[in-house]
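Chains as they are written, first to last, in our numbering: chain A, 3 to 392; chain B, 3 to 392. Each remark here refers to the structure printed beneath this line.
There are 2 protein chains.
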Amino acid sequence: MTMELSAARAAQQAEKTANLDAYVAGRSFDKPTLVLDVDLVEAQYHALKAGLGRADIHYAVKANPADAIIERLVALGSHFDAASRGEIELCLSKGASPDHISFGNTIKRATDIAFAHQAGIKTFSADADEELEKIAVHAPGASVYIRLIVEVSQADWPLSRKFGCDKDTALRLLDVAKDLGLNPVGFSFHVGSQTRKADMWEPTLAALSEIWDAARDAGHELTLLNIGGGFPAFYGEAIEAPTSYAARVMALIEAHFAGAKTIMAEPGRGLVAEAGVIVSEVMLVSRKSDRDVHRWVYLDIGRFSGLAETEGEAIRYQFETPRDGDPMGPCIMAGPSCDSADVLYEKRPMQLPLTLKSGDRVLIRNTGAYTSTYSSVCFNGFPPLDVVVI
Amino acid sequence: MTMELSAARAAQQAEKTANLDAYVAGRSFDKPTLVLDVDLVEAQYHALKAGLGRADIHYAVKANPADAIIERLVALGSHFDAASRGEIELCLSKGASPDHISFGNTIKRATDIAFAHQAGIKTFSADADEELEKIAVHAPGASVYIRLIVEVSQADWPLSRKFGCDKDTALRLLDVAKDLGLNPVGFSFHVGSQTRKADMWEPTLAALSEIWDAARDAGHELTLLNIGGGFPAFYGEAIEAPTSYAARVMALIEAHFAGAKTIMAEPGRGLVAEAGVIVSEVMLVSRKSDRDVHRWVYLDIGRFSGLAETEGEAIRYQFETPRDGDPMGPCIMAGPSCDSADVLYEKRPMQLPLTLKSGDRVLIRNTGAYTSTYSSVCFNGFPPLDVVVI
């Protein structure tokens, strides 16, 4: 990013987070705390929806299941992508219609499928014979979409091969679903988390549209395409603005997938990450050797208390301290636990003020997604990440 | 391990876990559950103590803070290594004497040091100037030991550079502690988690004893050596029996460290891992492609619900299924969440029965350590790992 863009972005960011900043500035915190501004979630919902047009937003609840977020999204008419019975129960309890909830995990407990079916959920995902058999028994006649594996990705965090199946298997599973009395309506896929530019979707979509066409050629009347998530949040590297990003993705979808009457999009990170800031504190600044250039900076939050996504140093959070005007130097950053794997950034150290010391407050920006729920119950006797909604 | 040793080990294991097996066999579980036999913790405590002789066992509470474990160890006269204020409060609430608790985390919140001091805790660890300054202010006159970095390790899970400092810094910190009015009593170190054979300690001890001697030559009257953990549990590769292992480690310690009046040992995994079994269930067995040799086996427990130590596939748990007599084939194993990083074993697949299918029970052996506390609060809407003590 150029300095100019960076300054513009900083000004925009400061305006967006004015309420969060005011709340945080006036309070002291005795443990790491995620502060959420649900108005920012609403603004981002509108921005994404403006670009997504006819597509339905199914919020990926796993990104952040805070009551206030679910309630606000229900009020806005959002749909929901649930990963478990627990998430379905949450959405229903906040007033979501079962028609607006899809059970998107390809790995489901049989009794949870039965629960979802009885609750009125009608759309399920699958990527394997055994999963279709479970759905056929416990949610007879349900609509299913087959998850495709994505072999081509330009995401910051490409997904593993855990989810989805290849072309031949997917086409075969459409037949299996029909034979089992299910309604095979289409496909789903995921371009990879944090796909920063809309054009990065193009190679994935080109590859997958061949499978879509082959299924239609084989006589399957596909009507649904679930384009998953991948919508980015700002972690320091330039990303496109949400409306133009979403509009460009939709234009690519329309060009590649003919006949897809229903489009589902599942933003999680892209909807809630920028609505939250974690307030943390420096526990210790040290050097392993008096000759070391790098300092070690230990925070009161680490990989096992909310910052799990620093694994592999893929997500590089933005840190702010009260000493940011001072000269900077390279730091290895780590969490407070006695676990030697609880290191945040080591291969690519962070620049932090040379004056930083124990007791200083550190704000971790854009941490509204995939933080509070990753937090462990009591690892090393530390409480889980606290969450406050303003 | 030879087949013969393996059979002997299996018989020994079956005898040890007879109570666990009987409990588990007679019940059904609707979510992943860790079942603990505290009598096995007691037996292992006696076995380790028989070898450790004059050393004090400080149980590393972080390995498993279950009430029943702490209560039993208090009754046995164990000491405790606490990582946080939360763990100190737990030990005190179960009747541990503050004299028997050390605050072993090198990264401590200032207010937690003050709490510990007021609670009567007298021994603290440190590896940096700033930490000593905090201790001097909030626990004036306390005993401190300086943690040394271990550059030489043969452990299955060598530690990162997160903890400890080098020789020159350690010697300087002894002086700093004295200048601050603290009582610098000795050193601590950690050979690395899961050090399977006692002789693997030798190179580490040889290197560290030079620092011990240099400190004494510089006029520091060191009286305490904290040898940390590293005591292994059985995860499929041969380990030495606990008493002979501990006795050999103590013999090495006595040979290398003259004048160490007090020896602290901090077993965590080595004390509680083999006292627990996780009862889990197969959610799905599938292939990504009809041409794939490997199956994917998805369990109802994964990296974010208790099996965090599968990261990097370092710890290879032992799985048992009701179909273990059937022909076996290679499996990639994964957890139930929608997180693509929630994969347990992929680089080195596991051998599991070809007949394995959704709904089958899977026992995960020797999972009493570092499972329940790593578990996330509600990732993907799944509840944390349940714990039952028999």
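For each residue, glycine too, the CB sits at the ideal point set by N, CA and C. Note that the coordinates shown come from a computational prediction; the quantities given were computed from them, not determined experimentally.
Output yes or no for whether 8 Å exceeds the beta carbon distance between B:Y347 and B:G53. no
In its own chain, which residues sit with a C-beta less than 8 Å from the C-beta of A:N368, not counting the 5 before and 5 after it? A235, F236, Y237, A275, E276, G278, V279, Y319, Q320
Taking Cβ positions only, does A:D292 come closer than 8 Å to chain B? yes
Taking 7 Å as the line, does the beta carbon of A:G337 fall inside it for any heavy atom of the ligand SAM? For the ligand SAM, the structure offers nothing, since it holds no ligand at all.
Chain B partners of A:I109, CB-CB under 7 Å? M285, L286, Y300, P338
Once the 5 residues before and after A:F82 are set aside, which same chain residues still bring their CB inside 7 Å of it? Same-chain partners within the cutoff: H60, Y61, V63, C93, A98, H102, I103.
What are the uninterrupted segments assigned as alpha helix (DSSP H) that are 4 or more residues long and contained completely in the stretch 19 to 67 of chain A, given in chain order? The stretch 19 to 67 of chain A contains these whole alpha helix (DSSP H) runs: 20 to 27, 40 to 54.
Member of B:K136, B:A138, B:A144 whose CA lies at the smallest distance from the CA of B:I123: Among B:K136, B:A138, B:A144, the Cα nearest to that of B:I123 is on B:A144.
Could you tell me the distance, in whole angstroms, from the CA atom of B:P324 to the CA atom of B:K359? 11 Å
Is there at least one Cβ from chain A nearer than 8 Å to B:F165's Cβ? yes
So which residues of chain B does A:T357 contact, with C-beta pairs closer than 9 Å? In chain order: nothing, as chain B lies at least about 13 Å away.
Between which two residues does the alpha helix (DSSP H) holding A:C93 run? 87 to 95
Counting C-beta neighbours from all protein chains within 10 Å, is the total for A:K242 16 or more, i.e. buried, or is it exposed? Sequence inspection shows Glu at residue 242 of chain A; the Lys mentioned does not correspond to that position. Looking at its Cβ environment, which holds 16 or more other Cβ atoms inside 10 Å, A:E242 is buried.
Any C-beta of chain A under 8 Å from that of B:D129: True, the Cβ-Cβ gap to chain A drops below 8 Å.
Reducing DSSP to helix, strand and coil, say where A:Q120 ends up. helix
Cβ neighbours of B:V26 in the same chain (closer than 8 Å, five flanking residues each side left out): V37, V279, V281, L365
Helix, strand or coil for B:V390, going by three-state DSSP, please let me know. strand
Excluding the 5 residues preceding and the 5 following B:Y376 in the sequence, name in chain order all residues of the same chain whose CB lies nearer than 7 Å to its CB. Spatial neighbours of B:Y376 in its own chain (CB-CB distance under 7 Å, excluding positions within 5 residues in sequence) are listed in chain order as G308, A310.
Got a sec? Which residues, its chain only, sit under 6 Å from A:N107 by beta carbon, not counting five neighbours each side? Taken in chain order, the residues that qualify are A85.
Would you mind stating whether B:A172 and B:R250 have Cβ atoms separated by less than 8 Å? Taking 8 Å as the Cβ cut-off, B:A172 and B:R250 do not qualify as a contacting pair.
Hey, would you say A:N66 sits closer than 8 Å to A:G370, going by beta carbons? Their beta carbons are under 8 Å apart, which means A:N66 touches A:G370 by this criterion.
Close Cβ partners of B:Q46 (< 8 Å) along its chain, the five nearest in sequence each way excluded: P244, G272, L273, V274, E276, A277
Please report the distance separating the alpha-carbon of B:Q15 from that of B:T264. 34 Å
The stretch 180 to 193 of chain A / the stretch 216 to 226 of chain A touching (three or more Cβ pairs under 8 Å): yes
With which residues is A:R400 paired in a DSSP beta bridge? No information on residue 400 of chain A is available, as it lies outside the stretch 3 to 392 that chain A covers here.
Can you list, in chain order, the residues of its chain whose CB lies under 7 Å from that of A:R350, leaving out five sequence neighbours each side? Cβ within range, chain order: E315.
Rounded to a whole number of angstroms, what is the C-alpha to C-alpha distance between B:A57 and A:E133? A:E133 has its alpha-carbon roughly 54 Å from the corresponding atom of B:A57.
Please list, in chain order, all residues of the same chain as A:A12 whose beta carbon is under 8 Å from its beta carbon, the five residues on each side excluded. none
Under the rule that 16 or more other beta-carbon atoms within 10 Å means buried, what is A:E239, buried or exposed? exposed
For B:E268, count neighbouring Cβ atoms within 10 angstroms of its own Cβ and tell me buried if that reaches 16, exposed if not. buried
Considering only their Cβ atoms, is the gap separating B:I115 from B:A141 smaller than 8 Å? yes
Expressed to the nearest angstrom, what Euclidean distance is found between the alpha-carbon atoms of A:V295 and B:E44? 47 Å
Own chain partners of B:G232 with C-beta closer than 8 Å, once the 5 adjacent residues on each side are dropped: Once the five neighbours on either side are set aside, the close Cβ partners of B:G232 are A157, H192, V193, G194, S195, Q196, T197, W203, G272.
DSSP state of A:R250, grouped into three classes? helix
By Cβ distance below 7 Å, which residues in the same chain neighbour B:G361 in space, the five residues on each side in sequence not counted? E283, V284
At the 8 Å Cβ level, is B:R271 part of the contact set with chain A, yes or no? No, no contact with chain A.
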